[in-house]
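Chemist: Shown below is the structure under consideration.
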DNA sequence: GAAAGTAGTTTCCTATAAGAAACTAATATT
DNA sequence: AATATTAGTTTCTTATAGGAAACTACTTTC
């Protein structure tokens, strides 16, 4: 074909448009300063209580209000579960769901790129 | 391994804390409604002019002000280039950089997960 | 009885994100 | 002369994000 347009044929065009729209959905779901870090912390370290999370080095600086809000958001999207434990002082455990674990390869790619990016920033 | 503690040994712990902090950097860089979509559009469709981008189906709804601001942001992070073409009405081409292309596997993972997520949302 | 730890919520505030609409400035077409 | 196209910028507005500090309510330890 001799057409030198920037667009490909219709089907392919539709396909990748849908793909990009899907990536917009993901960004809508995961955008923000803390969500990925919370998910990654629960993925790497297993179930954790509220205070454990707020004191985690990987979540350094997060406040109780934000943590609470983000945990509710992640729970509503079925990425984590919240379990009340009827212990002496009541404790609450947060844990990643099976569905949340499906984010692992995405998070891994993010970490890979992020570590390379850090190196690049430092050498520049 | 039979260790059922929540924390691993010191080195590993340090490592994954650094990893999670790296993922926070990435989210800081790419967070927002449009950045990933702009990068993906330029990756999939090659170089594009300002008006092409603002009319792209994958960026439907973006306004001139936001597009302009996000393009400047991506350029400042060396993910895209801006080239002024001295044509009849002056045109400007935006193109992904080699460094920007290194985001491809991350974007691919995002699209994969996003497409599965869309299916899930629809069946629920 | 006082202090500390649990898991948050509430109030108040600022900063940033996002967008709509109008505008600029240059050139080109009708 | 009027209209359109290019690539934005400016102004104005609202919504959301994020955070500090104080507070609740319950229990346990000192």
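Protein chains in written order, with the working numbering: chain S, 206 to 329; chain L, 206 to 329.
Backbone N, C-alpha and C fix where the C-beta goes; we use that ideal spot for every residue, glycine too.
Select from 286(S), 239(S), 319(S) the residue whose C-alpha is nearest the C-alpha of residue 271(S).
Modeler: 239(S)
Chemist: What first and last residue would you give for the alpha helix (DSSP H) that runs through residue 328(S)?
Modeler: 309-328
Chemist: Who pairs with residue 293(S) in a beta bridge, going by DSSP?
Modeler: None, per the DSSP bridge assignment.
Chemist: From residue 254(S) to residue 307(L), what distance separates their C-alpha atoms?
Modeler: 36 Å
Chemist: Go through its chain and collect everything with a Cβ distance to residue 302(L)'s Cβ below 7 Å, but skip five positions before and after it.
Modeler: 283, 284, 285, 286
Chemist: Quick check: the Cα distance between residue 318(L) and residue 222(S), rounded to an integer number of angstroms?
Modeler: Computed Cα separation, rounded: 15 Å.
Chemist: Cutting at 7 Å between CB atoms, please list the residues of its own chain near residue 267(L), excluding the five before and the five after it.
Modeler: 239, 259
Chemist: For residue 288(S), which residues does DSSP report across the bridge?
Modeler: 298(S)
Chemist: Using only CA atoms, which one of 310(S), 257(S), 220(S) lies nearest to residue 296(S)?
Modeler: 257(S)
Chemist: Pick from 293(S), 299(S), 292(S): whose alpha carbon is nearest that of residue 275(S)?
Modeler: Considering only alpha carbons, the answer is 299(S).
Chemist: If you draw a straight line from the alpha carbon of residue 225(L) to that of residue 234(L), how long is it in whole angstroms?
Modeler: Straight-line spacing of the CA atoms in residue 225(L) and residue 234(L) works out to 14 Å.
Chemist: How long is the line joining the alpha carbons of residue 315(S) and residue 261(S), rounded to whole angstroms?
Modeler: 20 Å
Chemist: Just how far apart, CA to CA, sit residue 201(L) and residue 248(S)?
Modeler: Outside the shown range of chain L, which is 206 to 329, sits residue 201(L), and nothing can be said about it.
Chemist: Check the Cβ of residue 259(S) against every Cβ in chain L and list those closer than 9 Å, keeping chain order.
Modeler: Simply none; closest approach about 15 Å.
Chemist: Measure the C-alpha to C-alpha separation of residue 242(L) and residue 229(S) and round it to an integer number of angstroms.
Modeler: Using only the alpha carbons, I get a separation of about 6 Å.
Chemist: Under the rule that 16 or more other beta-carbon atoms within 10 Å means buried, what is residue 289(S), buried or exposed?
Modeler: exposed
Chemist: Which of the three DSSP states, helix, strand or coil, is assigned to residue 238(L)?
Modeler: coil
Chemist: Select from the region 240-254 of chain L all residues with a C-beta closer than 8 Å to any C-beta belonging to chain S, and list them in chain order.
Modeler: 240, 241, 242, 245, 246, 249, 250, 251, 252, 253
Chemist: Taking a contact to mean a Cβ-Cβ separation below 8 Å, would you say residue 245(S) touches residue 312(S) in this structure?
Modeler: yes
Chemist: Kindly say whether residue 285(S), judged by its beta-carbon, lies nearer than 8 Å to any beta-carbon of chain L.
Modeler: no
Chemist: Could you check the C-alpha separation between residue 323(S) and residue 279(S) for me, to the nearest Å?
Modeler: 27 Å
Chemist: At 8 Å on the CB atoms, spell out the chain L contacts of residue 237(S), in chain order.
Modeler: 232, 236
Chemist: Would you kindly work out how many angstroms separate the C-alpha atoms of residue 320(S) and residue 231(S), rounded to a whole number?
Modeler: Near 21 Å, if we compare the C-alpha coordinates of residue 231(S) and residue 320(S).
Chemist: Using the C-alpha atoms, what's the distance from residue 264(L) back to residue 326(S)?
Modeler: 29 Å
Chemist: If we define contact as Cβ-Cβ less than 8 Å, is residue 212(L) a contact residue for chain S?
Modeler: Because residue 212(L) sits at a pLDDT of 40, beneath the cut-off of 50, its placement in the model cannot be relied upon, and the following sentence gives the value as read from the coordinates. Yes, its Cβ sits closer than 8 Å to a Cβ of chain S.
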